[in-house]
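J.: Just so you know, the sequences run in chain order A and B. Okay, so the first sequence: first residue is 1 according to our numbering, each after it adds one. Okay, so the second sequence: first residue is 477 according to our numbering, each after it adds one.
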Amino acid sequence: MKNTRRDFLKIGAAGTAAGLVARRAAAAIPQQAPAADAPNFLFINVDQWSLDCIGANGNPHVKTPNVDRMIREGLQFKQAYTANPVCGPARAAWFTSRAPSETGCLFNGIPIGSETIPDFGQWFSQAGYETVHMGKWHFAGREQYNSFEKVPVGSAMGEHLDPCVARTMAGFMDARVDNSRPFLAVLGLHNPHDCCEWWTYNAQVPSEFPLPDIEADLPPMPPNFDVFPEPEPFNVRKVYRPLDRAKNWDKQWWQFYLWSYYRYIEMVDEEIGYILDALNRSPHRDSTLVVLTADHGDGHGCHTMNGKQYLYEDVCNVPFVVYGPGFVRQSGREDADHLVSTMDIFPTLCDYAGIRPPQIIRGESIRPLIENIRPAKWRDFVRVETIGTGRMVRDSRYNFKYIEYHGDPVVQLFDLQNDPWETRNLASEPEYAPQLKKLRADLAAYEAQLETAPVHPKAQKLIAREMSGLSAAEDI
Amino acid sequence: MKHGNLTMSWSRWSRDPSKAFRGNAGRLKIKTRHLKKGFSTLNVDWCCRQRTKHHPAMDGEQVQKAQMVVAKDSCRTPVGWNMSAFATTHAGTVLDYTRLDESAAVQPGRIDFSTAGSLAPRSVEYTSALTTNWSLLAALPWMREKYKLNELRFDLLEDLCFLRRGLHLTDEGRHDFQLGGKSVPLYGYKMMGAGIQPTWFWLDEGHRPLLMITGPVYSLYLTDLQQEVAGS
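(1) What residues from the segment 552 to 574 of chain B come within 8 angstroms of chain A, judged by C-beta to C-beta, listed N to C?
(2) Could you check whether the Cβ of S611 of chain B sits closer than 8 angstroms to any Cβ belonging to chain A?
(3) Would you say A83 of chain A touches the ligand ZN, meaning its beta carbon is less than 7 angstroms from a heavy atom?
(4) Compute the Euclidean distance between the alpha carbons of R176 of chain A and M169 of chain A, then round it to the nearest angstrom.
(5) Could you name the residues of the segment 283 to 309 of chain A whose beta carbon sits closer than 8 angstroms to any beta carbon of chain B, in the order they occur along the chain?
(6) Just how far apart, CA to CA, sit A27 of chain A and I345 of chain A?
(7) W199 of chain A to I265 of chain A, Cα distance in whole Å?
(8) For the beta strand (DSSP E) that contains G121 of chain A, what are its first and last residues?
(9) Determine the closest residue to W421 of chain A out of A:L439, A:G407, A:E429 and A:K401, with distance taken between C-alpha atoms.
(10) Looking only at its own chain, which residues have a Cβ that is under 6 angstroms from the Cβ of Q673 of chain B, when we skip the five neighbours before and after it?
(11) Listing by chain order, which chain A residues have their CB less than 7 angstroms from the CB of V660 of chain B?
(12) Just to confirm the assignment, what range does the beta strand (DSSP E) spanning D588 of chain B have?
(13) Rounded to the nearest angstrom, how far is the Cβ of V86 of chain A from that of H296 of chain A, given a contact under 8 angstroms?
(14) Consider the Cβ of L628 of chain B: report whether some Cβ of chain A lies at a distance smaller than 8 angstroms.
(15) Count the other CB atoms, across all protein chains shown, that sit within 10 Å of the CB of K150 of chain A; report buried if there are 16 or more and exposed otherwise.
(16) When the Cα of K438 of chain A is compared with those of A:F107, A:N202, A:L450 and A:R397, which residue comes out closest?
(17) Mind checking whether K548 of chain B and G514 of chain B have CB atoms under 8 angstroms apart?
(18) Between the C-alpha atoms of T64 of chain A and Y201 of chain A, what's the straight-line distance to the nearest angstrom?
(19) Taking Cβ to Cβ, would you say W557 of chain B is nearer than 8 angstroms to L636 of chain B?
(20) What residues are listed by DSSP as bridge partners for H133 of chain A?
(21) Would you report the Cα separation of L51 of chain A and E681 of chain B, rounded to the nearest angstrom?
(22) CB V539 of chain B to CB T517 of chain B, shorter than 8 angstroms?
(23) I'd like the list of long-range same chain contacts for Q654 of chain B, defined as Cβ closer than 6 angstroms, with 5 residues on each side in sequence excluded.
(24) Here's the rule: buried if 16 or more other CB atoms are within 10 angstroms of the residue's CB, otherwise exposed. What is T591 of chain B?
(25) Spatial neighbours of L686 of chain B within its chain, please: CB distance less than 6 angstroms, with the 5 preceding and 5 following residues excluded, ordered by chain position.
(26) With G171 of chain A as the anchor, note down where its beta strand (DSSP E) starts and where it stops.
(27) How long is the line joining the alpha carbons of L349 of chain A and F41 of chain A, rounded to whole angstroms?
(28) At a Cβ threshold of 8 angstroms, is R440 of chain A touching chain B?
(29) Cβ atoms of G273 of chain A and A561 of chain B: under 8 angstroms apart, would you say?
(30) Is H160 of chain A near C523 of chain B, with beta carbons less than 8 angstroms apart?
(31) Evaluate H190 of chain A with the Cβ neighbour count: other Cβ atoms within 10 Å of its Cβ, from every protein chain shown; 16 or more gives buried, anything less gives exposed.
(32) For the beta strand (DSSP E) containing E404 of chain A, list its first residue and its last residue.
(33) Thinking C-alpha only, which one of B:S659, B:A670, B:D535 and B:L645 is nearest V570 of chain B?
(34) Identify the residues that DSSP records as bridge partners of L628 of chain B: which are they?
(35) Mapping the DSSP letters down to three states, classify V227 of chain A as helix, strand or coil.
(36) Once you ignore the five residues that flank M267 of chain A on each side, which residues in its own chain have a CB closer than 6 angstroms to its CB?
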């Protein structure tokens, strides 16, 4: 359902968002007030940030003092996975806690297939939270002003608008006087996604390196830069890797790309620090749980790839940090044992707020993990999908990972314990047949429970393009 | 260019390739007024405009207005300021819940901030010389002519909010560009460091900063300049 201009005129500018949120949400969402001591939430999401591109995670070539501090004073999940390594589907999945094939958001611009799947903006608005969304949204088919009460700023390029988005959130914290109800604030920062524009404008390598003063300081490429874990699926070989944008790049130009990507990361790190600083100076410091994650990572040269859409670790394994002095037990912990999904955010917020989550969700509350209570049972695999053509499943017990693309006989199996950079495809090696069988069974069992949405005609077109060897186009 | 009261206006532009946001733009206007004893005031009007055509609030402006006092030195080092930031609807109505009114005083090695609202004061340490993205535009015209400098090192406080540390500005010399069959000389300065994309400033023969380009998508173009009174 789409709002018309007439809707806005009827309701009037003031209170438009709150009115629409209540109206939209009424049919699908049961009334339930949050607990008396329900906390505030600040969900900071960034775009295209890979887990290993953080100073605190051992990367000396990028300075991220603010996220480093979040990690030092909070809790970092090292085995966190996006539901889909593309902006739109990833965001639809974290807002709804449903798999992309259930929301129908299979790629950017492909709208959610059902209005009855609630998102957490609607859910918390209806429960009485003050809900505010600033910055990047990118959830096709659902407008943020139908889910959140306050939406003062949208999203453009990171360098252009991220500072405004961050400052507006600081203004929200400074100006807030009505503390009669808790808030849920979502801050969508666009960077380091501006790297996508970098490669658009730098597809051709000039004859002379344009910045000779940094030539000696260019960062090294990841250890799997020129390693291809063969055999590789058709999509990886023919669709994702040989994109026009990088086909003329030599190694130095890749290093220059990586150098630029790191600067975008530093840019957004400062904006994250600014917001954390505002929160810590506000009356809400001890009553606000902060979650930071990314919709996906960037290839940043791993397997000679940049961008996203495929299923290697550099784009699927995302930063995921929980921060809040009143919430994280034993700060500075690093959880490398439990598999976490960005679909866990919705139920986790519900758990802390004392609100029932929707009846059907695919995530689980990570509150026990935040409070360092080892749950008796936790998921032993996590699934990621892409475009509707590819799926991966990652096992926690044996640290194996399986990838398949629809209709492609070439599948991949990686031993992440011994080969974290995914350099050796073990799928055809007989001694790994049991792992292959187990992960295929996990994938089948998981997918059997999904309520798959009809494939949107745009998505059908997109999938056909992928299968024929053309890359997914942003205008589809 | 002479010292004097000066008003410069730039158009802000994003080369965003997505159609939905290509209309985003904005403005920067800086009025410089000279005080006695080696200081100036900068009155800054800065905004980022959105045209999403989705929602009245989202189609508004992100506005910052600041009154700064800066030293008349090579960095136009900020001494203190009052800043007001807010978002407006498309009709120009201020969204009060976004309002941030902040003042700051710069001490050696430290900036002390305080707001009019509920946030406690904060201090931010800087490690070397200090400038801002706005006072730098006021400093650039004098770098070559008056101070005879071919490089500067500083921390830069962007939009009076975000500290970019350890930046390095270098004089890139004269470049002659061909425009409409004529040769137009421009003087380039390059700024680099952590937390920014390489940024180029281009000044004309009158040392006026005509153009700033940072990264692949974001730039400022000088659109108007008024030299009001020749001053000290």
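Note that CB positions come from ideal geometry on N, CA and C, so glycine has one too. Note that the structure is a prediction, hence the values are computed from the model and not measured.
T.: A quick look at the data gives this:
(1) A561, F562, A563, T565, A567, T569, L571, D572, Y573 and T574
(2) no
(3) Summarising the ligand content, the structure contains no ligands, and the ligand ZN is consequently not present.
(4) 11 angstroms
(5) P283
(6) Because A27 of chain A carries a pLDDT of 46, less than 50, the predicted location of this residue cannot be relied on, and no value is offered for it.
(7) 16 angstroms
(8) First-last for G121 of chain A: F120 to Q126, but that is the alpha helix (DSSP H), not the beta strand (DSSP E).
(9) A:K401
(10) T690 and G691
(11) Correct list: empty, because the minimum Cβ distance to chain A is about 21 angstroms.
(12) R586 to T591
(13) 7 angstroms
(14) no
(15) buried
(16) A:R397
(17) yes
(18) 26 angstroms
(19) yes
(20) A:V186
(21) 47 angstroms
(22) no
(23) none
(24) buried
(25) W678, D680 and L698
(26) First-last for G171 of chain A: G158 to A175, but that is the alpha helix (DSSP H), not the beta strand (DSSP E).
(27) 8 angstroms
(28) no
(29) no
(30) no
(31) buried
(32) F400 to Y405
(33) B:D535
(34) B:L645
(35) coil
(36) N191
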